[in-house]
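Student:
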Amino acid sequence: MLDTIWQRLDHGARLALPFVTTLLCALLSTVTWPLPWFGAIAPPLGLVALYYWSLHRPDLFRPSMAFAIGLLNDVVNFLPLGLSALLFVAAHQLVLRQRRFFAGHSFFMMWIGFALIATLVMLCEWMALGLIRWQWVPFVPPLMQDILVIVIFPLPCWLLIGLQRVALTQE
Amino acid sequence: MPIRLHSTRPSQRWDYVHAVPWRVLSHRFSFVFFAALAFGLLVLGRVQPMVVEGARTHILDGLTPVLDAIARPMSIAENVTTTVKSYLALRGENEKLRADNAQLKQWQTAVMSLQHENRELHNLLHFKIEPGFAYITARVIADTGGPFVRSLVITAGKLDGVREGMAAMTGDGLIGRVIEAGDWSSRILLITDLNSRIPVTITGSGDRAILAGDNSASPKLYYLPQDTVLPPGARVMTSGHGGVFPPNLPVGMVQDLGHNTYAVVPAADLGRITYVRLVDFNLKGGAFNPLSAKMQAETKKR
Numbered sequence: 008m009l010d011t012i013w014q015r016l017d018h019g020a021r022l023a024l025p026f027v028t029t030l031l032c033a034l035l036s037t038v039t040w041p042l043p044w045f046g047a048i049a050p051p052l053g054l055v056a057l058y059y060w061s062l063h064r065p066d067l068f069r070p071s072m073a074f075a076i077g078l079l080n081d082v083v084n085f086l087p088l089g090l091s092a093l094l095f096v097a098a099h100q101l102v103l104r105q106r107r108f109f110a111g112h113s114f115f116m117m118w119i120g121f122a123l124i125a126t127l128v129m130l131c132e133w134m135a136l137g138l139i140r141w142q143w144v145p146f147v148p149p150l151m152q153d154i155l156v157i158v159i160f161p162l163p164c165w166l167l168i169g170l171q172r173v174a175l176t177q178e
Numbered sequence: 003m004p005i006r007l008h009s010t011r012p013s014q015r016w017d018y019v020h021a022v023p024w025r026v027l028s029h030r031f032s033f034v035f036f037a038a039l040a041f042g043l044l045v046l047g048r049v050q051p052m053v054v055e056g057a058r059t060h061i062l063d064g065l066t067p068v069l070d071a072i073a074r075p076m077s078i079a080e081n082v083t084t085t086v087k088s089y090l091a092l093r094g095e096n097e098k099l100r101a102d103n104a105q106l107k108q109w110q111t112a113v114m115s116l117q118h119e120n121r122e123l124h125n126l127l128h129f130k131i132e133p134g135f136a137y138i139t140a141r142v143i144a145d146t147g148g149p150f151v152r153s154l155v156i157t158a159g160k161l162d163g164v165r166e167g168m169a170a171m172t173g174d175g176l177i178g179r180v181i182e183a184g185d186w187s188s189r190i191l192l193i194t195d196l197n198s199r200i201p202v203t204i205t206g207s208g209d210r211a212i213l214a215g216d217n218s219a220s221p222k223l224y225y226l227p228q229d230t231v232l233p234p235g236a237r238v239m240t241s242g243h244g245g246v247f248p249p250n251l252p253v254g255m256v257q258d259l260g261h262n263t264y265a266v267v268p269a270a271d272l273g274r275i276t277y278v279r280l281v282d283f284n285l286k287g288g289a290f291n292p293l294s295a296k297m298q299a300e301t302k303k304r
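For the protein sequence lines, the chains are F and R, in the order given. Per the working numbering, the first sequence starts with residue 8, numbered consecutively. Per the working numbering, the second sequence starts with residue 3, numbered consecutively.
#1: If you check the beta carbons only, do R:R152 and R:T194 fall under 7 Å apart?
#2: Tell me, please, whether the stretch 131-150 of chain F touches the stretch 80-93 of chain F by the rule of three or more beta-carbon pairs shorter than 8 Å.
#3: Starting from R:P75, trace the beta strand (DSSP E) in both directions and tell me its first and last residue.
#4: Against F:L138, what residues of chain R qualify as contacts under a CB-to-CB distance less than 8 Å, listed in chain order?
#5: According to DSSP, is F:V96 part of a helix, a strand, or is it coil?
#6: What residues of chain R sit near F:R107, judged by a beta carbon separation below 8 Å?
#7: With 9 Å as the C-beta to C-beta threshold (strictly closer), list the residues of the stretch 136-156 of chain R near chain F in chain order.
#8: For the stretch 50-61 of chain R, which residues have a beta carbon sitting closer than 8 Å to at least one beta carbon of chain F?
#9: Find the residues of chain R that neighbour F:W40, judging by a C-beta separation of less than 8 Å, and give them in chain order.
#10: Just reading off the beta strand (DSSP E) that R:I181 is part of, what are its end residues?
#11: Quick one: residues in its chain with C-beta nearer than 7 Å to the C-beta of R:R6, no 5 flanking neighbours on either side, listed in chain order?
#12: When you compare the CB of F:V83 with every CB in chain R, is at least one pair closer than 7 Å?
#13: Whether or not the stretch 231-240 of chain R and the stretch 256-264 of chain R are in contact is what I'm after, with contact meaning three or more pairs of Cβ atoms, one per stretch, closer than 8 Å; do they touch?
#14: Establish whether the CB of R:I72 and some CB of chain F are separated by less than 7 Å.
#15: Quick one: is R:D102 buried, meaning 16 or more other Cβ sit within 10 Å of its Cβ, or exposed?
#16: Can you list, in chain order, the residues of its chain whose CB lies under 6 Å from that of R:K160, leaving out five sequence neighbours each side?
#17: For F:I124 and F:Y58, which I take to be in contact (beta-carbon distance under 8 Å), what is that distance rounded to the nearest angstrom?
#18: For F:R64, I'd like the list of residues in its chain whose CB is within less than 6 Å of its CB, leaving aside the five on either flank, ordered along the chain.
#19: Tell me, which residues are paired with R:M239 by DSSP?
#20: Taking the alpha carbon of R:D209 as the reference point, which residue from R:P221, R:T66, R:S241 and R:S220 has its own alpha carbon closest?
#21: Compare the beta carbon distance of F:M129 and F:P148 with 7 Å and say whether it is the shorter of the two.
#22: Taking a contact to mean a Cβ-Cβ separation below 7 Å, would you say F:G46 touches F:A33 in this structure?
#23: Could you list the residues in the stretch 213-238 of chain R with a C-beta less than 9 Å from some C-beta on chain F, going in chain order?
#24: Which residues in the same chain have their Cβ closer than 7 Å to the Cβ of R:T10, if we skip the five residues on either side of it in sequence?
#25: Quick check: the stretch 261-281 of chain R against the stretch 166-180 of chain R, are there 3 or more CB pairs under 8 Å?
#26: My output table needs one value for R:I193: the three-state DSSP class, helix, strand or coil.
#27: How about F:L155 and F:P51: are their beta carbons less than 7 Å apart?
#28: Can you look up R:Y277 in the DSSP assignment and give me helix, strand or coil?
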């Protein structure tokens with residue numbers, strides 16, 4: 008009986024891994040890093056995790072989760088509530104549609120796929136924010152952030168690959 | 003719609019054929035549902051901003067312990083780095099501090115004499131002394147906003163006496179103001195943010211201007227009197243106009259950008275803020291201070 012409970016808990020924790028790691032990545036991007044001016048260009052690690060899990064375990068990473076992470080991103084980053092939520096849900100859907108193209112080939116293809124998705128999300132966010140606030144929003148900081156997240160993509164991605172191999176191989 | 007079968011085992015193939023349409027339908031429905039929900043929230047935020055802002059403050063309050071837990075290792079890492087650096091530079095720093103100390107002692111003598119003179123003159127003129135400031139100190143747990151917003155989240159809220167509109171400072175100068183106050187967390191909009199507007203005055207010339215952020219490291223000075231020429235390096239202080247900030251809080255130094263445009267280099271190092279002080283300048287005025295009463299009425303109205 009006890010074994011069954013522990014087994015179920017273990018199973019549940021493994022299934023919750025994609026959501027929990029994405030949540031942690033999203034929060035990690037917002038905390039104060041011991042690097043000057045890093046806050047303005049801190050890479051959106053939540054988007055990396057969202058992309059990775061949408062590609063590799065869409066059965067464990069649903070649109071509701073993309074919505075929740077996006078909403079949290081809006082709350083913490085003081086963006087109009089619903090903006091990142093909408094973009095994250097749309098990005099999740101886009102990744103699912105192009106799944107065979109991004110995931111079926113090599114790591115390099117996956118990287119290119121992420122670069123496209125991250126740039127698209129950044130452009131949409133920048134344009135939507137400008138329209139909602141009806142003011143010119145400087146373009147250089149989001150561009151710098153986009154470049155940085157594309158460059159560092161392999162690092163969080165390899166960590167997620169390792170995590171998937173360790174925890175989700177038998178699921 | 004053609005369905006590709008991956009499995010060769012008959013039982014699995016049977017499950018797959020039956021499962022796919024339901025899964026696809028459910029997935030499409032949930033995508034449409036959550037996209038519509040997010041869009042609805044965006045519209046609600048425009049139509050009923052207070053409802054959305056209230057929800058945002060509560061969610062941020064709930065997230066504060068998690069953010070705090072994630073921020074602590076970063077804070078410890080920074081402390082360790084600072085300690086190691088200061089040990090390495092101990093000798094040089096000691097010599098610099100000795101020189102500073104000698105200079106400060108001279109200043110102390112001058113200040114004491116000026117303070118005495120000032121008090122005497124106040125007595126002679128029956129000058130009404132401004133109420134003193136009270137400070138609330140808090141730790142920064144999140145450097146939020148990414149590339150679009152310049153804001154910080156701190157570990158002090160309404161329960162600690164934080165109110166919206168309070169000025170936020172470091173030891174060096176003004177960094178921003180409180181725009182959201184939850185029960186135990188608050189958000190500070192930095193002076194560099196695109197939506198920050200602060201009435202300031204230039205010491206020496208006494209010119210007044212509005213300091214407006216543009217998401218860059220140096221906010222710009224607007225609405226200066228026509229043909230004003232400011233000396234680079236002139237000190238910029240809050241003017242106290244509008245009743246939001248107390249007057250004479252140091253903000254930064256003037257930087258000439260050419261073509262009659264000026265920026266301000268903030269006195270505080272906005273790139274690395276770990277602790278902030280919130281200035282409660284209405285504390286002693288209390289209910290009898292007309293400004294405080296006006297602000298409270300405005301807050302209630304909002």
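No residue lacks a Cβ here, since even glycine has one placed at the ideal position from N, Cα and C.
Tutor: In brief:
#1: By one-based count along the second sequence, residue 152 of chain R stands at place 150. By one-based count along the second sequence, residue 194 of chain R stands at place 192. Yes; because the gap between Cβ atoms is below 7 Å, this pair is in contact.
#2: The stretch 131-150 of chain F, when compared against the stretch 80-93 of chain F, does touch it at the 8 Å Cβ threshold.
#3: For the purposes of this step, residue 75 of chain R is taken as residue 73 along the second sequence, with counting starting at 1. Here R:P75 belongs to no beta strand (DSSP E); instead the alpha helix (DSSP H) covers P51 to L90.
#4: Along the first sequence, read from residue 1 onward, the residue named residue 138 of chain F stands at position 131. Per Cβ cutoff of 8 Å: no residues; F:L138 is ~11 Å from chain R at best.
#5: Locating residue 96 of chain F in the first sequence gives position 89, where the first residue counts as 1. Helix, per DSSP.
#6: For the purposes of this step, residue 107 of chain F is taken as the residue at position 100 of the first sequence. The premise fails here: F:R107 is roughly 10 Å from chain R at the closest Cβ pair, so nothing lies under 8 Å.
#7: V142, I143, A144, D145, T146, G147, G148, P149, F150, V151, R152, S153, L154 and V155
#8: V54, A57, R58 and I61
#9: To locate residue 40 of chain F, count along the first sequence from 1; it is residue 33. Residues of chain R passing the Cβ test: M76 and D145.
#10: Within the second sequence, residue 181 of chain R is the residue found at index 179, counting from 1. R:I181 -> beta strand (DSSP E) spans L176 to A183.
#11: Your numbering for residue 6 of chain R matches position 4 in the second sequence. In this prediction, R:R6 scores a pLDDT of 46, lower than 50, which makes its location untrustworthy; the coordinate-derived value is nonetheless stated afterwards. Nothing meets the Cβ criterion.
#12: Locating residue 83 of chain F in the first sequence gives position 76, where the first residue counts as 1. Cβ-Cβ to chain R under 7 Å: yes for F:V83.
#13: Counting Cβ pairs under 8 Å, three or more are found: they touch.
#14: The residue given as residue 72 of chain R occupies position 70 in the second sequence. Output row for R:I72: interface = yes.
#15: Along the second sequence, read from residue 1 onward, the residue named residue 102 of chain R stands at position 100. In the assembly as shown, R:D102 is an exposed residue. Its beta-carbon has fewer than 16 other beta-carbons within 10 Å.
#16: One-based indexing of the second sequence puts residue 160 of chain R at position 158. Same-chain partners within the cutoff: A183 and D185.
#17: Numbered from 1 along the first sequence, position 117 holds the residue referred to as residue 124 of chain F. Numbered from 1 along the first sequence, position 51 holds the residue referred to as residue 58 of chain F. Contact flag correct, Cβ pair sits at about 6 Å.
#18: Numbered from 1 along the first sequence, position 57 holds the residue referred to as residue 64 of chain F. Result list for F:R64: P25, in chain order.
#19: As a position in the second sequence, residue 239 of chain R is number 237, starting the count at 1. DSSP, once it has assigned bridges, lists R:T203 and R:P252 as partnering R:M239.
#20: Here residue 209 of chain R refers to the residue found at position 207 of the second sequence. Ranking R:P221, R:T66, R:S241 and R:S220 by Cα distance to R:D209 puts R:S241 first.
#21: Locating residue 129 of chain F in the first sequence gives position 122, counting from the first residue. Locating residue 148 of chain F in the first sequence gives position 141, counting from the first residue. Against a cut-off of 7 Å, the Cβ pair of F:P148 and F:M129 comes out as no contact.
#22: Here residue 46 of chain F is taken as the residue at index 39 of the first sequence, counted from 1. Here residue 33 of chain F is taken as the residue at index 26 of the first sequence, counted from 1. Going by C-beta atoms, F:G46 is not nearer than 7 Å to F:A33.
#23: D216, N217, S218 and A219
#24: Residue mapping note: residue 10 of chain R aligns to position 8 of the second sequence, counting from 1. Note that R:T10 scores 44 on pLDDT, short of 50, meaning its location in the model is unreliable; the coordinates nonetheless yield the value given after this. So the list is empty, once near-sequence residues are dropped.
#25: yes
#26: The count along the second sequence starts at 1 and reaches residue 193 of chain R at position 191. Coil.
#27: The count along the first sequence starts at 1 and reaches residue 155 of chain F at position 148. The count along the first sequence starts at 1 and reaches residue 51 of chain F at position 44. Result no, Cβ atoms of F:L155 and F:P51 do not sit closer than 7 Å.
#28: The residue given as residue 277 of chain R occupies position 275 in the second sequence. It is a strand residue.
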